[in-house]
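Following: one structure in structure tokens, then a few remarks.
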Amino acid sequence: MGTLNGLSFHSVKGGVGKSTLATWAGLDIARRFPEAHVWLIDMDLTGTSLSDALPLTAPRLSADGRGGLNLRAPATEWLTEEETREGIVTRSAAEDPTTPTGVPYLNDFLLFADPSWEADQDAVPGALGWRLEGGPENLRVLPSSALPQDLWRTVPVIFDEEHAAFLEARLELLLAAMCREAGDADLWVVFDVPPTLPGLSRAVLSLCLRLSRPPSERKPLAELDPEIPAPLDTLPIRWVAQLVCSMDRQDLRAAERWADLVITDDLERVRALFNRLEPGDAQRQPAEFLDLLRARLGGAEVLPALWGDELVRVPDAPDLRVFQDDLGPPPQVVIDLMEQLLAPFSERQG
């Protein structure tokens with residue numbers, strides 16, 4: 007088995023560029039590590055979908071005997087772009103939203119139910135991964151559904167704290183299955199999680215903090231399963247959660263309260279990223295930027311004290327607008343950003 011590397015993007019509010027950053031990260035990682043298996047998982051589930059924003063083609067799947075898609079067998083080929091659009095229309099017109107038809111989405115794995123309820127009958131990642139046309143061959147995208155009937159089923163679950171343990175268990179099984187499919191190759195998984203911190207976002211963060219510890223210190227999700235599923239119990243795992251913030255005072259105060267909950271032992275697994283900065287703020291010396299943060303926060307010290315000059319800063323650059331332009335080589339601002347985002351992985355490997 008190789009190494010599992012996780013990079014998740016969190017925020018306390020929407021509109022801070024989290025999805026854009028996650029998409030560029032997935033693209034860049036796949037290009038940097040062509041021998042690795044790379045997944046970009048769209049967990050936003052708030053009415054938008056990467057299947058609407060990127061030139062993605064869905065896997066071609068057989069029927070499961072109940073009129074739905076067979077999610078237990080990996081795909082070996084993909085639909086055309088036109089067939090993918092037709093599949094989305096087919097799914098949107100389905101009378102029974104509990105039976106996935108047309109094209110698969112992340113929603114199907116999170117809420118997957120087999121009549122036998124046998125673990126070996128779960129959906130497999132190879133049936134869920136979409137291809138990015140013109141993108142790296144080693145990149146798979148798992149989009150969420152923005153279709154109303156899917157959102158009606160999913161949203162009450164993903165923002166409900168009472169379902170956080172269930173969602174964390176489902177994601178743990180998804181990662182374990184991805185590792186098995188990757189075999190001896192390294193696996194990179196980039197998560198774009200919903201804004202706000204309860205529910206699905208907290209499930210991802212909790213998974214990050216549990217699994218990125220040394221194997222001997224990893225604790226199972228006792229609420230649902232007394233054991234960590236193989237190979238996650240022994241696999242080398244590196245994971246960094248990025249808290250994406252703007253310089254809006256309301257956003258900063260919310261992030262400050264959230265960051266105050268991070269314990270010292272977890273600091274190397276959680277970082278702060280300030281996005282869409284004015285050019286002058288992005289170019290400030292670290293000490294000057296920390297002074298600016300303190301001023302915006304009325305003298306509060308949590309964010310500056312936690313991360314100091316390790317705060318990642320990204321300017322508001324037109325080059326970052328991946329959803330508005332054709333995909334091409336990463337602009338310099340992305341190259342610079344990825345050097346910062348990947349640095350903790352190199353440090354922890356050493």
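Quick note on the numbering used here: the sequence shown kicks off at 7 and runs consecutively. Note that the Cβ used here is the ideal one computed from N, Cα and C, for glycine as well. These numbers come from a predicted model, not from an experiment.
Leaving out five residues before and five after residue i in sequence, what residues of the same chain have Cβ atoms less than 6 Å from its Cβ?
i: ALA28; result: PHE15, VAL196, ASP198
i: PRO121; result: For PRO121, the predicted structure reports a pLDDT of 49, less than 50, and the residue's modelled location is therefore unreliable. The matter cannot be settled from this model.
i: ILE47; result: LEU148, PHE197
i: ARG137; result: THR63, TRP84
i: ILE35; result: VAL44, TRP194
i: SER57; result: PRO149
i: LEU173; result: LEU206, ALA209
i: THR54; result: ALA152
By the three-class DSSP mapping on this structure, what secondary structure does residue i have?
i: ASP297; result: helix
i: LEU13; result: strand
i: ASP198; result: strand
i: GLN248; result: strand
i: LEU238; result: coil
i: THR54; result: coil
i: THR26; result: helix
i: LEU46; result: strand
i: PHE280; result: strand
i: ALA183; result: helix
i: THR63; result: strand
i: ARG319; result: strand
i: VAL328; result: coil
i: VAL147; result: strand
i: LEU303; result: coil
i: LEU77; result: coil
i: LEU333; result: coil
i: LEU203; result: coil
i: ALA69; result: strand
i: ARG290; result: coil
i: ARG219; result: coil
i: ARG137; result: strand
i: LEU227; result: coil
i: LEU193; result: strand
Can you give the Cα-Cα distance for residue i and residue j, rounded to whole angstroms?
i: ALA247; j: SER17; result: 10 Å
i: TRP123; j: ALA152; result: Residue placement at TRP123 is flagged as unreliable, the pLDDT there being 46, under the threshold of 50; the coordinate-derived value follows with that caveat. Roughly 27 Å between the two C-alpha positions.
i: ILE336; j: ARG224; result: A quick correction: the sequence has Pro, not Ile, at residue 336. Using only the alpha carbons, I get a separation of about 36 Å.
i: VAL318; j: GLY304; result: 21 Å
i: GLY23; j: SER98; result: 28 Å
i: ALA133; j: ASP322; result: 37 Å
i: ASN281; j: LEU309; result: 15 Å
i: GLY356; j: PRO65; result: Residue placement at GLY356 is poorly supported in this model, since its pLDDT is 42, which falls under 50; the coordinates are not used for a value here.
i: LEU75; j: THR240; result: 33 Å
i: PRO201; j: LYS19; result: 5 Å
i: GLU233; j: VAL163; result: 24 Å
i: LEU203; j: LEU51; result: 14 Å
i: ALA301; j: ARG263; result: 16 Å
i: VAL339; j: VAL328; result: 12 Å
i: ASP254; j: VAL95; result: 39 Å
i: GLY205; j: ILE341; result: 32 Å
i: LEU296; j: GLU316; result: 11 Å
i: LEU60; j: ALA293; result: 38 Å
i: PRO221; j: LEU10; result: 13 Å
i: CYS364; j: GLY189; result: Examination of residue 364 is not possible in this model, given that the chain is present from 7 through 356 alone.
i: ARG146; j: GLY21; result: 24 Å
i: GLN127; j: ALA79; result: 10 Å
i: ASP114; j: PHE39; result: 29 Å
i: LEU211; j: ASP266; result: 15 Å
i: VAL268; j: ASP257; result: 17 Å
Please state whether the Cβ-Cβ distance between residue i and residue j is less than 8 Å.
i: TRP84; j: MET184; result: no
i: LEU333; j: GLY141; result: yes
i: ARG244; j: PHE351; result: yes
i: GLU168; j: LEU227; result: no
i: ASP156; j: TYR111; result: yes
i: THR160; j: LEU215; result: no
i: PRO106; j: LEU77; result: yes
i: SER207; j: ARG275; result: no
i: ARG186; j: PRO237; result: yes
i: PRO131; j: LEU180; result: yes
i: ASN144; j: ALA81; result: no
Taking only beta-carbon atoms, is residue i less than 8 Å away from chain C?
i: GLY20; result: No chain C is present in this structure, which holds just one protein chain.
Between residue i and residue j, how many whole angstroms is the CB-CB distance? I'm expecting something under 8 Å.
i: LEU193; j: GLY32; result: With 8 Å as the limit, LEU193 and GLY32 do not qualify as a contact, their Cβ atoms being about 13 Å apart.
i: LEU348; j: VAL320; result: With a Cβ gap of about 14 Å, LEU348 and VAL320 do not count as contacting.
i: GLY108; j: GLY93; result: 4 Å
i: LEU249; j: ALA278; result: 5 Å
i: ALA182; j: PRO235; result: 4 Å
i: LEU298; j: ARG290; result: 7 Å
i: PHE118; j: ALA100; result: With a Cβ gap of about 16 Å, PHE118 and ALA100 do not count as contacting.
i: GLU88; j: GLU139; result: Actually they are not in contact, since the Cβ atoms of GLU88 and GLU139 sit about 12 Å apart, beyond 8 Å.
Any heavy atom of the ligand ATP closer than 7 Å to the beta-carbon of residue i?
i: ASP287; result: As for the ligand ATP, it is missing from this structure, which has no ligand bound.
Closer than 8 Å by C-beta to residue i: which residues in its own chain qualify, once you throw out the five before and the five after it? Chain order, please.
i: THR26; result: LEU326, ARG327, VAL328, PHE329
i: PRO324; result: none
i: ASP70; result: ASN76, LEU77, ARG78
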